[in-house]
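So the structure is just underneath, and the comments pick up after that.
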Amino acid sequence: EQDDRSADLSARQRAMLDYADTLTRDPGALRAADMQALRAAGLDDRSILDLNQTVSYFAYVNRIADGLGVTVDGYALS
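Under our numbering, think of the first position of the sequence shown as 12, with each following residue one higher.
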């Protein structure tokens, strides 16, 4: 079984994944060092904003679906 910690990722992908993981699990833990890691991996401010918005959007949509009991098949739980 493979997960994100054992996946063969570039430094850029790893930095993005680490940021996405922290933003999803504990957004209050994000610090300037997290932005610096993204910049060191080659992301500019626009790319960081795009990453943040994409991760945040999916977190938002998933919470709506979970809160309404939507399943993968598109049917509400009864």
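Here a beta-carbon is modelled for each residue, glycine too, at the ideal position from N, C-alpha and C.
From a predicted model like this one, the values you see are computed outputs, not experimental measurements.
Next on the checklist: When you compare the CB positions of D15 and T33, do they come within less than 8 Å of one another, or not?
Outcome noted: For the purposes of this step, residue 15 is taken as residue 4 along the sequence shown, with counting starting at 1. For the purposes of this step, residue 33 is taken as residue 22 along the sequence shown, with counting starting at 1. Taking C-beta atoms as the reference points, D15 and T33 fail to come closer than 8 Å.
Next on the checklist: Our contact map puts Y68 next to L49 with C-beta atoms below 8 Å; I'd like the distance itself, whole angstroms only.
Outcome noted: In the sequence shown, counting from the first residue as 1, residue 68 sits at position 57. In the sequence shown, counting from the first residue as 1, residue 49 sits at position 38. At roughly 18 Å, the Cβ-Cβ gap does not stay under 8 Å, so Y68 and L49 are not in contact.
Item to check | Three-state secondary structure (DSSP) of V81 | outcome: Within the sequence shown, numbered from 1, the residue matching residue 81 stands at position 70. V81 carries a strand assignment under DSSP once its states are collapsed to helix, strand and coil.
Next on the checklist: Just verifying my parser: in three-state terms, what is the DSSP assignment at A51?
Outcome noted: Looking up residue 51 in the sequence shown gives position 40. Secondary structure at A51: helix, using DSSP grouped into helix, strand and coil.
Item to check | Option nearest R23 by Cα separation, candidates R42, S58, L41 | outcome: Against the sequence shown, residue 23 aligns to sequence position 12. The shortest Cα separation from R23 among R42, S58, L41 belongs to S58.
Next on the checklist: So, at 6 Å on beta carbons, what are the nonlocal neighbours of L79 in its own chain, with the 5 sequence-adjacent residues on each side left out?
Outcome noted: Translated into positions along the sequence shown, residue 79 becomes position 68. So no residue of the chain qualifies.
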